Every structure is written in structure tokens, then in C-alpha cells.
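Position 35 of the sequence shown, counted from 1, bears residue number 34 in numbering that gives the first Met the number 0, the numbering being contiguous throughout.
What follows is one structure encoded as C-alpha cells, with my remarks underneath.
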Amino acid sequence: MHRQAYFELQGDLPVEIVFALTGEQADLLMSKLREAKIELFWVRMPAEFGFLAGSAP
């Protein structure tokens with residue numbers, strides 16, 4: 000609690016948001032963010048993703 004209060008005095012804490020996207024979806028997202036002139040730090044790396052049997056949303 001003490002550390003959180005200390006960092007709150009310095010402004011907003013960084014937030015990590017993770018997306019699991021196809022290459023095409025990632026390109027579209029980046030394009031939309033650039034059009035909106037969103038200022039952010041990003042990392043893009045390949046990943047395998049999917050659903051196991053019976054666990055799809």
C-alpha cells in the first residue's frame with residue numbers, strides 16, 4: 000500500500016494490455032491507432048494461440 004501511494008504521487012501508473020491477434024488484425028489495429036494519433040509504447044511478437052477442446056468462449 001505504501002509503494003502504491005508513493006507512485007500515485009508521480010502520476011498515472013503504466014498499464015499493460017495484451018491482444019492475441021492474427022497478423023492482419025494486428026496491422027488493422029496499428030493502422031487505427033496511428034490514424035487516431037494515439038501515443039503509446041508497443042511490442043509486437045509472434046505467438047501461437049487457440050482453444051483447447053470444449054474451452055472456446
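Virtual Cβ for every residue (Gly too), placed ideally from N, Cα, C.
Source: prediction; values computed, not measured.
Distance, Cα to Cα, Val17 vs Glu38?
16 Å
Can you find the residues in the same chain that come closer than 7 Å, C-beta to C-beta, to Arg43, ignoring five residues on each side of it along the sequence?
Ala25
Just the C-alpha distance for Ala19 and Phe50, rounded to the nearest angstrom, thanks.
12 Å
Take Val14 and list the residues in its own chain whose beta-carbon comes closer than 8 Å to its own, dropping the five residues that flank it on each side.
none
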